[in-house]
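Colleague: Chains as they are written, first to last, in the UniProt record's numbering: chain A, 1 to 362; chain B, 1 to 362.
There are 2 protein chains.
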Amino acid sequence: MNRVYNFGAGPAMLPTSVMEQARDEMLNWQGIGVSVVEISHRSKEFEVLLTETDELMRELAGLPEDFEILYMHGSAQMQFAAVPLNLLDLNPAHKAAYLETGNFAQLARKEASRFGNISIAASSEETGFDRIPAFDPASLDPDTSYVHLTSNNTIFGTRWHQFPDTGKIPLVADMTSELMSRKLNFEQFGLIFAGLQKNLGPSGMATVLVRKELLGHAMSQTPALLNYVTYQKNHSMPNTINTFAIYIMNLMLKWLRDQGGVAAIEQLNAKKAGLLYDIIDNNDFYIGSAHKDHRSHMNVTFNLADSTLDKKFLDEALVRGLYALKGHRLVGGIRASIYNAMPMEGCQELADFMKDFAKQNG
Amino acid sequence: MNRVYNFGAGPAMLPTSVMEQARDEMLNWQGIGVSVVEISHRSKEFEVLLTETDELMRELAGLPEDFEILYMHGSAQMQFAAVPLNLLDLNPAHKAAYLETGNFAQLARKEASRFGNISIAASSEETGFDRIPAFDPASLDPDTSYVHLTSNNTIFGTRWHQFPDTGKIPLVADMTSELMSRKLNFEQFGLIFAGLQKNLGPSGMATVLVRKELLGHAMSQTPALLNYVTYQKNHSMPNTINTFAIYIMNLMLKWLRDQGGVAAIEQLNAKKAGLLYDIIDNNDFYIGSAHKDHRSHMNVTFNLADSTLDKKFLDEALVRGLYALKGHRLVGGIRASIYNAMPMEGCQELADFMKDFAKQNG
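Below is the structure:
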């Protein structure tokens, strides 16, 4: 079998050109006679790679100088603890407000509850997380240390199209499935974190973009490797960093630059998603899961009107090289994850298959 | 340049055959049309890989059934917090005793001090960590929750040849630079942890071998992803695991099996180290750093009698394809890290070079 179009939610497909370069350099990186995963993170060569990655990230994201870039162990969920441990002490009330839009938002809220006074500022649980809930920032207590949201909900296929203005209260966004796929106004955020394994690389690491003025308030019980300052002071290498993750992230950022950057990929992502939503909207055979106003551009979730056909749909898709379309075990149905690395051709293939399948089985 | 012999302390060289397989499978793993780093950790294919890795680990280590195998985020240093958070509560006194044999043992002790009453049971700091200190387990308070040691000290080139018998008090060993390089009697240990990046794979992950009866005592302030039970309950996948690390670890374990297993590689490691120590001992040009009775088989540390020749030594070594021999910045001098993946030929090349260099410059 040749390369397939992989619609899995993550760890997700990476561009073939990135994987080819990783392959070609696997025994001898930059002519030094070993792979990048076999050298010291303290070597000159690796330091250069890390600094270049910072610069690419800052340039492509349009990240202001008053934000720090950190690379931390443990994917996004380690941040579910790191965020409260580092930020709750910004105000002696130890309060944070969470916006519940799905499974990961809930997990984040539950983990934070270990460390302070956590409230649910808004939730769409009642409607099965099919939408982004209404939320009025004026309802927040002024002594709230931060507000947490999940920008894109991979399981339910929703996203925050606009972000709430929380004024002086720092807004924290889990952007694991969206970072570098859409333009951001960083003025709106205090901290953004993302696991790499959707748009930025392999699994096992998270990147944290945090306003410098928020640092230095970690609780005394914070493990050193969950304290942002530990990473800030050591160029994210207080201990051995995940070198493979940085290497692939570096290649991913260069690839993104070659695609025209975030603005260009954001437009392409909207087109890719639009292709699939159009079929869903113009066909009774498919039923979209998310409210139309809050649809994700990364995870297109839908059901077959006749769910007994799900298995047939998945099996026939696989035969056409369309891989991992099964919905998350919490909700079932179909999910097409179409991160930056999914080319337009992959979405077109899926769209064609969806039309054919509906015709043949409708 | 072809492949070099890489004597770096870690992330360390991996066997060329492992890197070749990783290269060959980088675009299409097991014929599924994508790389192993591009698929879901929940996929059937990955679950099979993970289970096989468990089985290889258990078989090759000779690990008894009453030990759990966990794979956790964050290299070994994350364990400096995880160990006290999970084990201090074994006794209400919240006491642990640390054996200080070097930099990483000290870091572990300092991190643990955040969470309980930590004492130094023995230390060789006075003699510059050039040996393993004398230690009488009878000196321990009986209400000590655990004793921590670092089995091999990469910076100073020492190791515990025999492990102390701590009786009913669990012995915790950081074996980052030794796990799977020497046979172990697991009866002596309560918990062993190791970052992968020396003998087991790439950086960013640690494996934890822990006696099941010690689990379930984590303090309430323990972040979910530092709690051993979270990993135990979810086959080490409470969240997205570092899939690349598991993949390479799997290949490394199969390679180790092909070498004859741990007993065979332990003998080879002793021979490799012996080759270098013989030159140091039979030549006034070189001075070994570690006490002869406590010499590491993984990190051979020494100084040139005339340290002004260090740079010349390193430069000429590099020309002969002998890479990363510089000692750690804390101690200077020369360090040859010769983990499992360093073949006998690499040590022979280095030995020949050392003899030539001494002759030409002595």
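C-beta: ideal position from N, C-alpha, C; glycine also.
In this text, all values refer to a predicted model and were calculated from it rather than measured experimentally.
#1: Specify the secondary structure class of A/MET1 as computed by DSSP and reduced to three states.
#2: May I ask you to list, following chain order, the residues of the region 232-259 of chain B that have a beta carbon less than 9 Å from some beta carbon of chain A?
#3: Considering Cα atoms alone, identify which of A/ALA121, A/LEU196 and A/LEU275 is closest to A/ARG95.
#4: Would B/PRO11 and A/THR301 be called neighbours here (beta carbons separated by less than 8 Å)?
#5: Consider the Cβ of A/MET1: report whether some Cβ of chain B lies at a distance smaller than 8 Å.
#6: Please report the Cβ distance between residue 365 of chain B and B/THR53, rounded to the nearest whole angstrom; I am assuming they are in contact, meaning their Cβ atoms lie under 8 Å.
#7: 8 Å is my cut-off, CB to CB: does B/GLY10 come that close to chain A?
#8: Can you check whether the CB of B/THR222 is closer than 8 Å to the CB of B/ALA9?
#9: In or out: A/LEU225 buried (at least 16 other Cβ within 10 Å) or exposed?
#10: The beta strand (DSSP E) spanning A/ARG257 covers which residue range?
#11: If you draw a straight line from the alpha carbon of A/MET1 to that of B/ASN28, how long is it in whole angstroms?
#12: Report the neighbours of B/ILE39 on chain A: residues whose CB is nearer than 8 Å to its CB, in chain order.
#13: How about A/LEU184: is its C-beta nearer than 8 Å to some C-beta of chain B?
#14: Going by other Cβ atoms of all chains shown within 10 Å of its Cβ, with 16 needed for buried, is A/GLY308 buried or exposed?
#15: Report the start-end ranges of each beta strand (DSSP E) in the region 57-124 of chain A that is 3 residues or longer and not cut off at the edges.
#16: For A/PRO223 and chain B, any beta-carbon pair shorter than 8 Å?
#17: What would DSSP say about B/SER17, mapped onto helix, strand or coil?
#18: When you compare only the Cα positions, how much space is there between B/ILE39 and B/GLU47?
#19: Quick one: which chain B residues come within Cβ less than 9 Å of A/MET205?
#20: Quick one: is B/LEU325 buried, meaning 16 or more other Cβ sit within 10 Å of its Cβ, or exposed?
#21: On the three-state DSSP scale, how would you describe A/LEU215?
#22: What are the boundary residues of the beta strand (DSSP E) that includes B/GLY346?
#23: With C-beta atoms as the reference, is A/PRO170 less than 8 Å away from A/LEU88?
#24: Using a C-beta to C-beta distance shorter than 7 Å, which residues of chain B count as neighbours of A/ARG23?
#25: Relative to the alpha-carbon of A/PHE186, which residue among A/GLY195, A/LEU196, A/VAL172 and A/GLN197 has its alpha-carbon at the smallest distance?
#26: Going by beta-carbon coordinates alone, are A/GLY216 and A/THR150 separated by less than 8 Å?
#27: Counting only Cβ pairs nearer than 8 Å, list the residues of chain B close to A/SER35.
#28: Quick check on DSSP: helix, strand or coil for B/PHE313?
#29: Give the residues of chain B in contact with A/GLY195, contact being defined as C-beta atoms less than 7 Å apart.
#30: Give the single residue among B/GLU100, B/TRP160 and B/ASN299 whose Cα lies nearest to the Cα of B/GLY333.
#31: Consider the Cβ of A/GLN106: report whether some Cβ of chain B lies at a distance smaller than 8 Å.
#32: Does DSSP put A/PHE129 in a helix, in a strand, or in coil?
#33: Any Cβ of chain B within less than 8 Å of the Cβ of A/LEU191?
#34: State the CB to CB distance for the pair A/GLN273 and A/GLY74, rounded to an integer number of angstroms; the pair is presumed to be in contact (CB under 8 Å).
#35: B/ARG114 touches chain A at which residues, Cβ-Cβ below 9 Å?
#36: Apart from the five residues on each side of it in sequence, which residues of its chain come closer than 7 Å, Cβ to Cβ, to B/GLN30?
Modeller: The structure says:
#1: Locating residue 1 of chain A in the first sequence gives position 1, counting from the first residue. For A/MET1, the predicted model reports a pLDDT of 49, less than 50, meaning its position is unreliable and no value from the coordinates is stated.
#2: PRO238, ASN239, THR240, ILE241, ASN242, THR243, PHE244, ALA245 and ILE248
#3: Along the first sequence, one-based indexing puts residue 95 of chain A at 95. The sequence shown places Lys at residue 95 of chain A, not Arg. Nearest of A/ALA121, A/LEU196 and A/LEU275 to A/LYS95, Cα basis: A/ALA121.
#4: Translated into positions along the second sequence, residue 11 of chain B becomes position 11. Translated into positions along the first sequence, residue 301 of chain A becomes position 301. Not in contact: B/PRO11 and A/THR301 (Cβ atoms no closer than 8 Å).
#5: Position 1 of the first sequence holds residue 1 of chain A. Residue placement at A/MET1 is flagged as unreliable, the pLDDT there being 49, under the threshold of 50; the coordinate-derived value follows with that caveat. Closer than 8 Å to some Cβ of chain B, the Cβ of A/MET1 qualifies, so yes.
#6: One cannot answer for residue 365 of chain B here, as it falls past the ends of chain B, which runs 1 to 362.
#7: As a first step, residue 10 of chain B must be located in the second sequence, where it is residue number 10. Interface residue, yes.
#8: On the second sequence, residue 9 of chain B is found 9 positions in, with the first residue counted as 1. On the second sequence, residue 222 of chain B is found 222 positions in, with the first residue counted as 1. Result no, Cβ atoms of B/ALA9 and B/THR222 do not sit closer than 8 Å.
#9: Working through the first sequence from its first residue, we reach residue 225 of chain A at position 225. It is buried - the Cβ of A/LEU225 has at least 16 other Cβ atoms within 10 Å.
#10: For this step, residue 257 of chain A is matched to residue 257 along the first sequence. No beta strand (DSSP E) holds A/ARG257; the alpha helix (DSSP H) holding it covers 243-258.
#11: By one-based count along the first sequence, residue 1 of chain A stands at place 1. By one-based count along the second sequence, residue 28 of chain B stands at place 28. Summary for A/MET1: the model assigns pLDDT 49, below 50, so the residue's position carries little reliability; its value from the coordinates is reported in the next sentence. Each residue's alpha carbon lies about 8 Å from the other.
#12: For the purposes of this step, residue 39 of chain B is identified with residue 39 of the second sequence, where counting begins at 1. Those are ASN6, GLY8, PRO11 and ALA324, listed as they occur along chain A.
#13: Within the first sequence, numbered from 1, the residue matching residue 184 of chain A stands at position 184. No, its Cβ sits nowhere closer than 8 Å to a Cβ of chain B.
#14: Mapped onto the first sequence, residue 308 of chain A falls at position 308. Contrary to the premise, residue 308 of chain A reads as Thr rather than Gly in this sequence. With fewer than 16 Cβ atoms within 10 Å of its Cβ, A/THR308 is classed as exposed.
#15: 67-73, 95-100 and 117-123
#16: As a first step, residue 223 of chain A must be located in the first sequence, where it is residue number 223. Output row for A/PRO223: interface = yes.
#17: If you number the second sequence from 1, residue 17 of chain B lands on position 17. B/SER17: helix per DSSP, three-state reduction.
#18: The residue you call residue 39 of chain B lines up with position 39 of the second sequence. The residue you call residue 47 of chain B lines up with position 47 of the second sequence. So the two alpha carbons sit approximately 11 Å from each other.
#19: In the first sequence, counting from the first residue as 1, residue 205 of chain A sits at position 205. Chain B residues near A/MET205: HIS73, GLY204 and ASN242.
#20: Residue 325 of chain B sits at position 325 when you count from the first residue of the second sequence. Result: buried.
#21: To locate residue 215 of chain A, count along the first sequence from 1; it is residue 215. The answer is coil: DSSP assigns A/LEU215 none of H, G, I, E or B.
#22: Residue 346 of chain B sits at position 346 when you count from the first residue of the second sequence. That residue, B/GLY346, is in no beta strand (DSSP E); its alpha helix (DSSP H) goes 344-361.
#23: On the first sequence, residue 170 of chain A is found 170 positions in, with the first residue counted as 1. On the first sequence, residue 88 of chain A is found 88 positions in, with the first residue counted as 1. Not closer than 8 Å, so no.
#24: To locate residue 23 of chain A, count along the first sequence from 1; it is residue 23. In chain order: ARG23, MET26 and LEU27.
#25: Along the first sequence, read from residue 1 onward, the residue named residue 186 of chain A stands at position 186. Among A/GLY195, A/LEU196, A/VAL172 and A/GLN197, the Cα nearest to that of A/PHE186 is on A/VAL172.
#26: Taking the first sequence and counting its residues from 1, one reaches residue 216 of chain A at position 216. Taking the first sequence and counting its residues from 1, one reaches residue 150 of chain A at position 150. Against a cut-off of 8 Å, the Cβ pair of A/THR150 and A/GLY216 comes out as no contact.
#27: By one-based count along the first sequence, residue 35 of chain A stands at place 35. LEU14 and MET19, listed in chain order.
#28: Start at 1 with the first residue of the second sequence, and residue 313 of chain B comes out as number 313. Three-state DSSP puts B/PHE313 in a helix.
#29: Within the first sequence, residue 195 of chain A is the residue found at index 195, counting from 1. Near A/GLY195 (Cβ distances below 7 Å), the residues of chain B are THR240.
#30: Position 333 of the second sequence holds residue 333 of chain B. Taking only the C-alpha atoms, the option nearest B/GLY333 is B/ASN299.
#31: Position 106 of the first sequence, counting from 1, holds the residue named residue 106 of chain A. So, not an interface residue.
#32: Taking the first sequence and counting its residues from 1, the one referred to as residue 129 of chain A is at position 129. Coil.
#33: To locate residue 191 of chain A, count along the first sequence from 1; it is residue 191. False, the Cβ-Cβ gap to chain B never drops below 8 Å.
#34: Residue numbering aside, residue 273 of chain A sits at position 273 when the first sequence is read from its first letter. Residue numbering aside, residue 74 of chain A sits at position 74 when the first sequence is read from its first letter. The sequence given here has Ala at residue 273 of chain A, not Gln. 29 Å between Cβ atoms; not a contact.
#35: For the purposes of this step, residue 114 of chain B is taken as residue 114 along the second sequence, with counting starting at 1. Result: SER220, GLN221, THR222, PRO223 and ALA224.
#36: Within the second sequence, residue 30 of chain B is the residue found at index 30, counting from 1. Closer than 7 Å at Cβ, skipping near neighbours: GLU45.
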